[in-house]
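Participant: FYI, the numbering for the sequence shown is 524 to 1087, going by my numbering. Just so it is clear, CB atoms sit at the ideal spot from N, CA and C, and this is done for glycine as well. Keep in mind it's a predicted model, so treat the numbers as computed, not measured.
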Amino acid sequence: MPLHAKEFFSIKSKKSRSHELAPHWEKTYTRYKKLLLTLLHRKVISATLLIAGIIVGTIVLMKISKFELFPKFDAEQIYISGRVDVNNKLKETQKLLAPLEKELLQKISGNDVSSVTAIVGIKFNPDNTFESGEHLFHIFINLKERAPQNFFDKYINPIFSLEYDGSNMVREQSAFTILEKTKKALKEIEQRTDKNGETIYKDLKIYVPQTGVVGNDIEIGLLENKHLKSDIAINTIQEHLSKIQGVTAVTSNKKLGPPEIKLKINEYGQQLGFSEGYLTTALRGLFLEAEYGKMLDNIGIIRIKLQDISKDNNYNLKSLQITAPNGTTKVALADIADFIDIQSPLVLYKDNGKRIWSITAQTIKGKTTASDVMQQIKPTLDKLRAKGYEFIIKGEEEANKQVQSEMMQAAIMALFLIFISLVLMFNSLILPLLTVSVIPLSILGALAGTKIMGLNLTMPGAMGIVGLAGVVVNDAIIMLEFIKGSKTTAELAQRASTRLRPIMLTSITTVLGLSTLIFFASGQALIIQPMAISLGFGVAWATVLNLIYIPLIYSIIYKVKENA
């Protein structure tokens, strides 16, 4: 361009004015110097009020900020998992599932839903595990792509994205909004019973799949106690969790197998010579298949097995006639044996050698967080603990404590390493301490930015705060290098003003570079949005600190005078 060529070829010209300050920068310099001189005139009061305000603001924001491990992001599927009676075969489960699929299609179909898919014989859990069984099922509600929600996605992305296709981007509602509607549609279905009065669809869980290091947002482990009934505690916790707004997919991993009848030989049966082995042999032919013999043909060995054709008919077991061991007497089964009904768990879980059951649940974005839910459920857990029950808190609450502890250690280590580096550079202890003091004060910007954007504090956000430590000290070092050695406040203000433009430009370019992630994040990019917010708002606030706080504290420590 001619304009650029003119500047390039006139670099050596003494009359070149290409690097002179623009008028707006001159005004900015003047205003900054005036503000700084005013604050330096009452430097102790100004510094005290500034530091006190930052500390109070940081404490208040930390108190009102909620922490969750990862932010919830919109998905393109909703999962519904459940089971029918454990005695159902695969075809029977499929037959029972058909009305549920049909009703879901009628109640939730629309411009937001693409299709409904079902799998019989398997179900997926929120912790990315799965279970298999002929009585299990899993339904996928496939959603259409989300319609553009912001200026960047609507107008900028279509221009610069080579493979952009917005034909399927028609969904206006978030997956969590559709989840709420689906829950309402399932309420009546959950209460349906069969001819025996048993619930048809059991343990119906509906949730939006998410990413993260923990499978379940809420997980409470109950240690088995032979003196206490675990079902009472499990049902109490599940009932309380179900009543909390924003909690979904409440369930436990204690699943019972098919009902069984245990026969115990009574005294009369023993007198007649009955034993458990004899009774087992007598009943085996009625209910089990038996190998009668073998034969050969041109294919190979053929096993001949016999099985009672009426084995699945309704037997009146108590009146069933059994031949006594003496071979002459026949007696009713109820006369020689006691009937004991039992139903054992399908799977047993252990933690450090102790049997444990888990109650799990998921939270809905914008409604609540795992920490809030655990606070609400705490009184219920305390009451159960008083009765002798023992609990192990897992899920996101356990991970939150670990993450917060590790992030604190990382922050302390980062501060220490930065401080050591600055000591070697400045050959002093006071200047490095002054530089490092900007780091904790800049946390206010990260917390305020998170609150302004309407998000909770998350692990990526905490990582951004730790990363902020290495960014904010750069401008502080530049400022200290220039104001070092100032004798008067006027000289200090003059030297500080020479760093105004470099500091502001580096901060502005950093924030602009992060702005697309801060304001226009969508889809799974929402996972790292909190990190960008912490860095962007933290850098912006640190700019104010480096321009105001550093000169103020320097003038106090080194007793810079107002007059020469």
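Which first and last residues belong to the beta strand (DSSP E) in which N665 is found?
Facilitator: From DSSP, the beta strand (DSSP E) with N665 extends over F653 to L666.
Participant: For K1082, count the other beta carbons within 10 Å of its own beta carbon; 16 or more makes it buried, fewer makes it exposed. Which is it?
Facilitator: K1082 should be labelled exposed.
Participant: Could you name the residues that DSSP lists as bridge partners for W880?
Facilitator: According to DSSP, W880 bridges with L745.
Participant: R1018 to V996, Cα distance in whole Å?
Facilitator: About 18 angstroms.
Participant: Nearest to K924 by alpha carbon, out of D874, L584, A985 and E790?
Facilitator: Cα-wise, what sits closest to K924 is A985.
Participant: According to the Cβ coordinates, are I741 and A598 closer than 8 angstroms?
Facilitator: Not closer than 8 angstroms, so no.
Participant: By how many angstroms is the C-alpha of L809 removed from the C-alpha of N789?
Facilitator: So the alpha carbons of these two residues sit roughly 22 angstroms apart.
Participant: For I1071, which option in H547, K550, I574 and E549 has the closest C-alpha, if you only look at C-alpha atoms?
Facilitator: Minimum Cα distance to I1071 is reached at I574.
Participant: Is it buried or exposed, I1026, if we count other Cβ atoms within 10 angstroms and call 16 or more buried?
Facilitator: That one is buried.
Participant: Leaving out the 5 sequence neighbours to the left and right, which residues in its chain are closer than 8 angstroms to I1076 when beta-carbon positions are compared?
Facilitator: Within the same chain, I1076 has close Cβ partners A570, L957 and S960.
Participant: Using only CA atoms, which one of A999, N979, T771 and V636 lies nearest to L1049?
Facilitator: With distances taken between Cα atoms, L1049 lies closest to N979.
Participant: For E522, tell me which candidate among E695, K710, F862 and I882 has the shortest Cα-Cα distance.
Facilitator: Because the chain spans 524 through 1087 in this model, residue 522 falls outside it and cannot be assessed.
Participant: Nearest-angstrom Cα distance between M1139 and I582?
Facilitator: Absent from the model: residue 1139. The displayed extent of the chain is 524 to 1087, so no value can be given.
Participant: Where in the stretch 882-941 do unbroken runs of the beta strand (DSSP E), each at least 3 residues long, occur, reported from the N-terminal end onward?
Facilitator: Within the stretch 882-941, the complete beta strand (DSSP E) runs of at least 3 residues are 913-917.
Participant: Just confirm the distance between the C-beta atoms of L967 and I577, as a whole number of angstroms; I'd bet it's less than 8 angstroms.
Facilitator: Correct: roughly 5 angstroms between the Cβ atoms.
Participant: Leaving out five residues on either side along the sequence, give the residues of the same chain with a beta carbon under 8 angstroms from the beta carbon of I712.
Facilitator: These residues qualify, in order along the chain: L623, E626, Y724 and L727.
Participant: Grab the span of the alpha helix (DSSP H) containing F647 for me, first residue to last.
Facilitator: Note, F647: premise wrong, no alpha helix (DSSP H); beta strand (DSSP E) at V636 to F647.
Participant: Once the 5 residues before and after V737 are set aside, which same chain residues still bring their CB inside 7 angstroms of it?
Facilitator: So the list reads L592, G918, E919 and A922, once near-sequence residues are dropped.
Participant: With contact counted as at least three CB pairs below 8 angstroms, one residue from each stretch, are the stretch 1001-1016 and the stretch 557-572 in contact?
Facilitator: With a cut-off of 8 angstroms, the stretch 557-572 and the stretch 1001-1016 count as touching, because enough Cβ pairs lie within range.
Participant: If the criterion is Cβ atoms closer than 8 angstroms, does the pair V643 and L666 meet it?
Facilitator: Result no, Cβ atoms of V643 and L666 do not sit closer than 8 angstroms.
Participant: Just to confirm, are R1024 and W548 a CB contact at a threshold of 8 angstroms?
Facilitator: It is a contact, given that the beta carbons lie within the stated cut-off.
Participant: Grab me the residues of M692's own chain with a C-beta within less than 7 angstroms of its C-beta, minus the 5 sequence neighbours each way, in chain order.
Facilitator: If we look at M692 and ignore the five residues flanking it on each side, its Cβ neighbours are E668, R669, A670 and P671.
Participant: What is the rounded straight-line gap between the Cα of I767 and the Cα of F942?
Facilitator: The alpha-carbon atoms of I767 and F942 are separated by roughly 47 angstroms.
Participant: Reducing DSSP to helix, strand and coil, say where V1062 ends up.
Facilitator: Of the three classes helix, strand and coil, the one that applies to V1062 here is helix, per DSSP.
Participant: Would you identify the three-state DSSP class for Q696, choosing helix, strand or coil?
Facilitator: Correct three-state label for Q696: coil.
Participant: What are the boundary residues of the alpha helix (DSSP H) that A855 is part of?
Facilitator: Here A855 belongs to no alpha helix (DSSP H); instead the beta strand (DSSP E) covers K853 to A855.
Participant: Pop quiz: A855 and L871 are said to be a contact at Cβ under 8 angstroms. What is the actual Cβ separation, rounded to whole angstroms?
Facilitator: Actually they are not in contact, since the Cβ atoms of A855 and L871 sit about 36 angstroms apart, beyond 8 angstroms.
Participant: Quick one: what does DSSP say L751 is sitting in, helix, strand or coil?
Facilitator: Note: L751 maps to coil in three-state DSSP.
Participant: Would you call the stretch 932-939 in contact with the stretch 898-907, where contact means no fewer than 3 C-beta pairs closer than 8 angstroms?
Facilitator: No: the two stretches stay apart, fewer than three of their Cβ pairs being nearer than 8 angstroms.
Participant: My assumption, with CB atoms under 8 angstroms, is that I757 sits in contact with W880. Please give the rounded CB distance.
Facilitator: That belief holds up - the Cβ atoms of I757 and W880 are roughly 6 angstroms apart, short of 8 angstroms.
Participant: On the CB-based measure, 16 or more other CB atoms within 10 Å of its CB, does G744 come out buried or exposed?
Facilitator: Its Cβ being crowded by 16 or more others within 10 Å, G744 is buried.
Participant: Let's see if you can read the secondary structure: which residues bound the alpha helix (DSSP H) around I631?
Facilitator: Run containing I631: L613 to I631, per the alpha helix (DSSP H) assignment.
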